[in-house]
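Student:
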Ligand SMILES: Nc1nc2c(c(=O)[nH]1)N[C@H]1C(S)=C(S)[C@@H](COP(=O)(O)OP(=O)(O)OC[C@H]3O[C@@H](n4cnc5c(=O)[nH]c(N)nc54)[C@H](O)[C@@H]3O)O[C@H]1N2
Ligand SMILES: Nc1nc2c(c(=O)[nH]1)N[C@H]1C(S)=C(S)[C@@H](COP(=O)(O)OP(=O)(O)OC[C@H]3O[C@@H](n4cnc5c(=O)[nH]c(N)nc54)[C@H](O)[C@@H]3O)O[C@H]1N2
Ligand code: SF4
Ligand code: SF4
Ligand code: SF4
Ligand code: SF4
Ligand code: SF4
Ligand SMILES: [Mo]
């Protein structure tokens, strides 16, 4: 079957760029591990969580939502059409989670105690719930991705067995993801006095879940298009416009949800108050919700790969802004009242870049050596 | 003594075990001598940071991993009359502490006697407690490679040994009044407000904040004017618990929906196939 | 203190003026807080808004150095509004006494009293006297109307201190001024009592003693002395400064406030003649009439068997001052700077930082051959030879360091401001080779004595004849033996002079108290006021200072069984003034003492009229008793509280003068600008350049003062080493108003330079609402303030800054010579 895999050149300028980022980032990781958080980050008592939690963990996990969205579409809703993108989607999710977990590993003060929650349970803690989910879901994703590995090393029997039981695995994965994506929103339920009312809401878990689904759909679509460009295989337009239709539903729902939250919370005025927060809120809504929704409602957009790609970008950026708003910008006001502010250090950026570059590199690596992209085509 | 060791130690005196440790801090009595700040450092053998004088006398400027309590100086002027308020910062030992509720590993716990204490050997350093605490109390040893959370432990070791906390013991003016009952302190606080019209801002900070705390503050002016966070009355852990307790239901729904759709879509696909045939 | 710390809680009005009790005596502040809880009013008068002011019901600012104007205005207010306690004033003070008709006051003589000699800058006090009748008693006018009576003179003198004038001088807004007067004046009623708390804010001025005198007048007018919750209360400083002054630490007094003899007093008789006040008034107790007993007992204590009647009990071995010689701090360092000393013991002090005009002080140290520093730590004094701007090669002084133990590493007594001598025990063993100060002195004495014995000397007798019995069975140096020597022993059996069957004391037992001391050498007593502190009861020795009883029979917080208090365990002195002439308390709520005609003697169970309550100022019946009644102020020869006080060097009534360095061209009160009786080290034209001063000089336009803060102790040697305290108060700062900062473009937190005519320091600017510019005679005058806790040596990186005494002038109070470190002129510059 290896013959049917696409020819992927490992040594391209892009790979080189990635490798440079990885090496440079590794230095930053090393610094963090040897000098500690205080010396390498701008985290501080009045701002204990920063860019890594906002982008690497919240953003990363949202981006990885494609895995469970596609897995449930294919294995639960039986939408065979999407099977070709299942493998890349799940692999992305797997890598996404690994990297988010690495982000957490680097962010916590005692990285080597990352296992503590597994044995020291505290069921009142969202953090505990999240931690357990990450652990189990990463395992699930590993199982979901394992067929291509078994396939590669020639254990056809095992591969087929795993594929047979994929439905319960996928079901379990979906369950975990649902909980996990929403739990990340629930993390902020405890800070009603600190998080800006534009974002604080008892519906945070739900809005995190819905936006994760949006994000998942866009991410999968985005990846398909990108990999088709980079790895020179043909993207399936029907898949893409199918995903786009799904996005309309998700984004539409999210839009209604956000408006409901706004109106039942701080009110419309808050969104136009002219403060930093209101601007960021409008930006998040415009980029991630309103523009994509309008665009997607145009059939011409839904049928153009380029336009879909653009919409995907909007959604992804918009939701990332949302996660950053919740985790950083929405908390800045409170910090500023206490006389501090936060902007990540170069080192923090570098560590994030390291994780992102590593993710892309591993994905490419997997595409080259495993049957990631052409699986569906081969089957058909 | 590490807090862990304290935790394991059981006081023999049953009276100690029955107590509900509480402070009534009446800032109108405070003379800003900072005896509490220093004695806390002394008892806990906490270190120091290099500070500089000015712009105000507050030093260290904020609570930090080496400072469990400090006195903040606030001066203001109304119609030419100057007031200088001394405000004591520190852990409130919430009745339902957000910090302990969010800690994934039970490193922070509310003890039966009231103090919210920390067990360093469990902590993984996620700092969720810092985010969660509405009063911004837990502090981190950022400069260390193997950091711990630091905060007032209500002198749990002293309490178990039958002594009152170091800061309360030192306070020359009775600003920090220790009691073994929150109720008693609350009654006293209400009495002071009632008996001294005009002396107090009519609010007992901590009575309702965050669902009620073991430390009650009285002051001549609103406490948010002297550095205390405006905190709502909700029991914060409840906000999360509402969600967590819904998880079984979510699981039920997701499983049902998942299996249901699997069955249904399977059928539909099969029907499609049959049609095709 | 006439009263004691706990007694502050009994006051109705507490005036804190000249001190900052919340910051410098924080434990005592709790009694003020207790008083406030019961409805008392706290009034704070201070150039800056302090932590005490933060708790005050009323705060009034005043420009440093203008307290007499402020208080003079209050005296006028009290008199004008008839707020004084007439019965008390007429009967218990010298208000009714007629003064020498030749006496003239500053209002008549351009700011000076009669008798001034410009050349010597001294007063001839001949005219400051009372008119005497033929019985030798002062003439009185009980109606207080005679124009020559003290009361009328007082009224006349302070009639110049109008509220407007006072406000112009002090910068205190007039409404605040009147508010303070009104509140404080309210304590002139028998049932209302006001107390005053002062310390260095009043003493460290060229008019320091007169500041206190002015308050004493007010307290006497309002009848606030002797009562619980009253008094003029000096909040003493260094932990045992009360004890050390009691024990004769100062150059001019021997233990128990016995004057140091001068060379002119050629023998014991001459001494007793001069220092034993006499009265012809049978109603006056005139306690100092007992001086010869105390002096003889003192001499017996120090010279033991060598002291005999024939050799005047060793009087001739006592060191004598030259006539008029002043041996106070400023003089010592002045002499030192002129190379008049070979050696110097800096024993438990840090003059390189604490002495006014530190540059002069530091230079003076370099003129010594040797210096011994006895301290817990190295400090700026011990290391002066390597201080800033000093080249060690230029210094020839040999410096020795003797490490002493800290207060918790040794046993002994410590006397607080309320005159309570409390015994303290050793808590921990001394570190390393450090020794208690007593042991070092003991060792030093033994060696010096040996040198005199073996090598002779000019005058060995004073040393070789000293008794030195401090070695006990188990200790080379035993503080208990010192304490007993201070208390005194009966050297023979003593019997009552009137009733020879009544034995007062048993030979070789400890004295019961000073009442039984003798002038003929049969008793010894190291310090008469402490007699009774360590006694024999039923054959057993009792250290009264170690008592820890917690009973409070009067309910006034006197705790008579807690430690021991001089004199005779009397908790409130002049307590006979707390009752009316029949012995009934002025205020039934404040029963300090009370005459009880039906009192039962517990031993005989027979009626023996006497006093209930505190130990009274003498057992005699109340003043109204025709035969045996006595006046209340027993330490005064005439038995009266002195409103007119001829004892002071600079006038019998306080008069406002400006500080040596002040912002004004002239004194708004008179043509005499500064206290005419102060010793000038530099007359403004000539003198040592180190002693220069600049008054009303554009180069130094701002009034400056210095003070303490809770977080540090004195020059900081004990506290700058403590990281917790240093963290809380890390550096020298200069507090200034927002207005001055704006004028100078200074932001809070910035470093600035503060300069005076004598030196400069770098300090962090603390810009605060707590300082406000003063309106003085229509123009704006700024004041700044700096804490006195820092020095170049610690913290090691120099971040603490330098001693503020680099700025202060060489000038002292006319009576005590305490340096004027509370009011001088500086400039503040951005760096
Ligand atoms: N924490 C601490 N406590 C101490 C000491 C210490 O170093 N640290 N030192 C001890 C010693 S030795 C002493 S003597 C005492 C001194 O005790 P205080 O006299 O209370 O001490 P200061 O702070 O020097 O001065 C008191 C106040 O006088 C004000 N002041 C300045 N000039 C004037 C003036 O002209 N008139 C009036 N009315 N007020 C003025 C100052 O602003 C200051 O607030 O404190 C003792 N207690
Ligand atoms: N500008 C300005 N100057 C001032 C004042 C002011 O208000 N303003 N205040 C003045 C006043 S009131 C005072 S009292 C003086 C104080 O002036 P100093 O007495 O010279 O200053 P301290 O820093 O108290 O020095 C006491 C020293 O004794 C040491 N010591 C502590 N315990 C012991 C012991 O048991 N034995 C021995 N041998 N040494 C011990 C300490 O380490 C310290 O070095 O400063 C005066 N100077
Ligand atoms: S104040 Fe903060 S740290 Fe203290 S118990 Fe409450 S939540 Fe926890
Ligand atoms: S930082 Fe430590 S104490 Fe705080 S929540 Fe995390 S594990 Fe618990
Ligand atoms: S209770 Fe103990 S730990 Fe807490 S502030 Fe007081 S002294 Fe410090
Ligand atoms: S010890 Fe008491 S009076 Fe002093 S600063 Fe602390 S709370 Fe205030
Ligand atoms: S330093 Fe000592 S004497 Fe002064 S207030 Fe504190 S406890 Fe009292
Ligand atoms: Mo002093």
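Chains as they are written, first to last, in our numbering: chain A, 1 to 380; chain B, 1001 to 1277; chain C, 2001 to 2831.
All C-beta atoms in this analysis are idealised placements derived from N, C-alpha and C, irrespective of residue type, glycine included.
(1) Assign residue 2451 of chain C to one of two classes, buried (16 or more other C-beta atoms within 10 Å of its C-beta) or exposed (fewer than that).
(2) Could you work out which residue in C/2263, C/2639, C/2428, C/2695 is closest to residue 2324 of chain C when comparing CA atoms only?
(3) Could you give the uninterrupted runs of the alpha helix (DSSP H) lying entirely in the segment 2280 to 2316 of chain C, keeping only those of 4 residues or more?
(4) On the premise that residue 2246 of chain C lies in contact with residue 1966 of chain C, defined as a C-beta separation below 8 Å, what is that separation, rounded to the nearest angstrom?
(5) Mind checking which residues open and close the beta strand (DSSP E) that includes residue 2542 of chain C?
(6) Kindly indicate the opening and closing residues of the beta strand (DSSP E) around residue 2825 of chain C.
(7) Could you confirm whether any beta carbon from chain C is found closer than 7 Å to the beta carbon of residue 1098 of chain B?
(8) Would you list, in sequence order, the uninterrupted beta strand (DSSP E) runs of no fewer than 3 residues that lie entirely inside the segment 2587 to 2648 of chain C?
(9) I want to see whether chain A comes within less than 7 Å of residue 1222 of chain B, judged by CB atoms only; does it?
(10) Could you give the DSSP three-state label for residue 173 of chain A: helix, strand or coil?
(11) Going by other Cβ atoms of all chains shown within 10 Å of its Cβ, with 16 needed for buried, is residue 2421 of chain C buried or exposed?
(12) Using only the heavy atoms of ligand 6, determine whether one of them is closer than 6 Å to the beta carbon of residue 1034 of chain B.
(13) Is residue 2770 of chain C a contact residue of ligand 1, with contact defined as CB to any heavy atom under 6 Å?
(14) What are the residues of the segment 1014 to 1043 of chain B that lie near chain C, defined by any Cβ-Cβ distance shorter than 8 Å?
(15) Beta carbons nearer than 8 Å to chain C: which residues of the segment 1048 to 1066 of chain B have them?
(16) State the start and end residues of the unbroken beta strand (DSSP E) segment that holds residue 2763 of chain C.
(17) When DSSP labels each residue in this structure, what does residue 44 of chain A get in the three-state scheme?
(18) Could you check what DSSP says for residue 378 of chain A in three-state terms: helix, strand or coil?
(19) Give me every residue whose Cβ sits closer than 7 Å to any heavy atom of ligand 3, in chain order.
(20) Provide the residue(s) that pair with residue 2787 of chain C in DSSP beta bridges, ordered along the chain.
(21) Please go through the same chain and pick out, in chain order, the residues whose beta-carbon is closer than 6 Å to the beta-carbon of residue 2695 of chain C, but skip the five residues on each side of it.
(22) In this structure, how does DSSP classify residue 2436 of chain C when only helix, strand and coil are distinguished?
(23) What's the gap between the Cα of residue 2458 of chain C and the Cα of residue 2464 of chain C?
(24) Once you ignore the five residues that flank residue 2752 of chain C on each side, which residues in its own chain have a CB closer than 7 Å to its CB?
(25) Within a Cβ cutoff of 6 Å, which residues of the same chain sit near residue 1002 of chain B, ignoring the five residues on either side of it in sequence?
(26) Over what stretch of residues does the beta strand (DSSP E) that includes residue 1026 of chain B continue unbroken?
(27) Provide the residue span of the beta strand (DSSP E) that contains residue 2252 of chain C, from first to last.
(28) Should the segment 148 to 162 of chain A be regarded as contacting the segment 286 to 306 of chain A, the criterion being three or more beta carbon pairs within less than 8 Å?
(29) To the nearest whole angstrom, what separates the beta carbons of residue 1087 of chain B and residue 1074 of chain B, a pair I think is in contact under 8 Å?
(30) Over what stretch of residues does the alpha helix (DSSP H) that includes residue 2467 of chain C continue unbroken?
(31) Can you pull the chain C neighbours of residue 1142 of chain B, defined as C-beta to C-beta under 9 Å?
(32) Decide if the segment 2279 to 2288 of chain C is in contact with the segment 2508 to 2525 of chain C; the criterion is three or more beta carbon pairs, one per stretch, under 8 Å apart.
(33) Could you check the C-alpha separation between residue 2540 of chain C and residue 2472 of chain C for me, to the nearest Å?
(34) Using the beta-carbon of each residue, which ones in chain B are nearer than 7 Å to residue 49 of chain A?
(35) Looking at the strands, I want to know which residues DSSP matches up with residue 2735 of chain C.
(36) Strictly below 8 Å CB to CB, what residues from chain B border residue 2723 of chain C?
Tutor: Taking the definition as stated:
(1) Taking the third chain and counting its residues from 1, one reaches residue 2451 of chain C at position 451. With fewer than 16 other Cβ atoms within 10 Å, it is exposed.
(2) The residue you call residue 2324 of chain C lines up with position 324 of the third chain. The residue among C/2263, C/2639, C/2428, C/2695 with its C-alpha nearest the C-alpha of residue 2324 of chain C is C/2263.
(3) With a minimum length of 4 residues, the continuous alpha helix (DSSP H) runs that stay inside the segment 2280 to 2316 of chain C are 2291 to 2303.
(4) Chain C is shown only over 2001 to 2831; residue 1966 of chain C falls outside these bounds and no answer can be derived.
(5) As a working note, residue 2542 of chain C is residue 542 in the third chain. In this chain, the beta strand (DSSP E) harbouring residue 2542 of chain C covers 2540 to 2543.
(6) The residue given as residue 2825 of chain C occupies position 825 in the third chain. From DSSP, the beta strand (DSSP E) with residue 2825 of chain C extends over 2824 to 2830.
(7) Numbered from its first residue, the second chain carries residue 1098 of chain B at position 98. No - not a single Cβ of chain C is within 7 Å of the one on residue 1098 of chain B.
(8) The segment 2587 to 2648 of chain C contains these whole beta strand (DSSP E) runs: 2593 to 2596, 2610 to 2613.
(9) Position 222 of the second chain, counting from 1, holds the residue named residue 1222 of chain B. Contact of residue 1222 of chain B with chain A is not assigned, every C-beta pair being separated by 7 Å or more.
(10) Counting from 1 along the first chain, the entry for residue 173 of chain A is found at position 173. If DSSP states are grouped into helix, strand and coil, residue 173 of chain A belongs with the helices.
(11) Stepping through the third chain from its first residue, residue 2421 of chain C is reached at position 421. Buried: at least 16 other Cβ atoms inside 10 Å.
(12) Along the second chain, one-based indexing puts residue 1034 of chain B at 34. For ligand 6, at least one heavy atom lies less than 6 Å from the Cβ of residue 1034 of chain B.
(13) Start at 1 with the first residue of the third chain, and residue 2770 of chain C comes out as number 770. Incorrect: residue 2770 of chain C has no Cβ contact closer than 6 Å to ligand 1.
(14) Answer in chain order: 1029, 1031, 1032, 1033, 1034, 1035, 1037, 1038, 1041, 1042.
(15) Taking 8 Å as the Cβ-Cβ cut-off against chain C, the residues of the segment 1048 to 1066 of chain B that qualify are 1048, 1049, 1050, 1051, 1052, 1053, 1054, 1055, 1056, 1057, 1059, 1060.
(16) For the purposes of this step, residue 2763 of chain C is taken as the residue at position 763 of the third chain. 2760 to 2768 is the extent of the beta strand (DSSP E) around residue 2763 of chain C.
(17) If you number the first chain from 1, residue 44 of chain A lands on position 44. In the three-state scheme derived from DSSP, where H, G and I count as helix and E and B as strand, residue 44 of chain A is classed as strand.
(18) Mapped onto the first chain, residue 378 of chain A falls at position 378. The predicted position of residue 378 of chain A is uncertain, since its pLDDT is 42 and thus under 50; a value taken from the coordinates is nonetheless stated next. Residue 378 of chain A: helix per DSSP, three-state reduction.
(19) This selection yields B/1091, B/1092, B/1093, B/1094, B/1097, B/1098, B/1099, B/1100, B/1108, B/1116, B/1129, B/1132, B/1133, B/1134, B/1135, B/1137, B/1138, B/1151, B/1210, B/1213.
(20) Counting from one through the third chain, the residue named residue 2787 of chain C turns up at place 787. Assignment of beta-bridge partners to residue 2787 of chain C by DSSP yields C/2707.
(21) Start at 1 with the first residue of the third chain, and residue 2695 of chain C comes out as number 695. Result list for residue 2695 of chain C: 2661, 2662, in chain order.
(22) To locate residue 2436 of chain C, count along the third chain from 1; it is residue 436. The DSSP-derived three-state label of residue 2436 of chain C is coil.
(23) Indexing the third chain from 1 puts residue 2458 of chain C at position 458. Indexing the third chain from 1 puts residue 2464 of chain C at position 464. When rounded, the distance between both Cα atoms is 12 Å.
(24) Reading the third chain from its first residue, position 752 is the one you call residue 2752 of chain C. So the qualifying residues of the chain are 2734, 2746, 2763, 2765, 2828, 2829, 2830, 2831.
(25) Mapped onto the second chain, residue 1002 of chain B falls at position 2. Caution is warranted here: a pLDDT of 46 is assigned to residue 1002 of chain B, below 50, making its placement in the model unreliable, and the coordinate value is therefore given only provisionally. Excluding positions up to five away in sequence, the list is empty.
(26) Position 26 of the second chain, counting from 1, holds the residue named residue 1026 of chain B. 1022 to 1026 is the extent of the beta strand (DSSP E) around residue 1026 of chain B.
(27) Start at 1 with the first residue of the third chain, and residue 2252 of chain C comes out as number 252. Neither: residue 2252 of chain C is in no beta strand (DSSP E) and is coded neither H nor E.
(28) Three or more beta-carbon pairs separated by less than 8 Å are not found between the segment 148 to 162 of chain A and the segment 286 to 306 of chain A, which leaves the two stretches without contact.
(29) Taking the first residue of the second chain as 1, we reach residue 1087 of chain B at position 87. Taking the first residue of the second chain as 1, we reach residue 1074 of chain B at position 74. So it is a contact: roughly 6 Å between Cβ atoms.
(30) Sequence index remark: in the third chain, residue 2467 of chain C carries index 467 (1-based). Run containing residue 2467 of chain C: none; DSSP gives neither H nor E here.
(31) To locate residue 1142 of chain B, count along the second chain from 1; it is residue 142. Chain C residues near residue 1142 of chain B: none, gap ~17 Å exceeds 9 Å.
(32) Not touching, per the Cβ criterion.
(33) Numbered from its first residue, the third chain carries residue 2540 of chain C at position 540. Numbered from its first residue, the third chain carries residue 2472 of chain C at position 472. The straight-line gap separating the alpha-carbon atoms of residue 2540 of chain C and residue 2472 of chain C is approximately 17 Å.
(34) Here the question's residue 49 of chain A lines up with position 49 in the first chain. Under a criterion of Cβ atoms nearer than 7 Å, the residues of chain B adjacent to residue 49 of chain A are, in order, 1127, 1131.
(35) Position 735 of the third chain holds residue 2735 of chain C. For residue 2735 of chain C, the beta-bridge partners assigned by DSSP are C/2766, C/2785.
(36) As a working mapping, residue 2723 of chain C is identified with position 723 in the third chain. Residue 2723 of chain C reaches chain B at 1047, 1048, counting residues in chain order whose Cβ is nearer than 8 Å.
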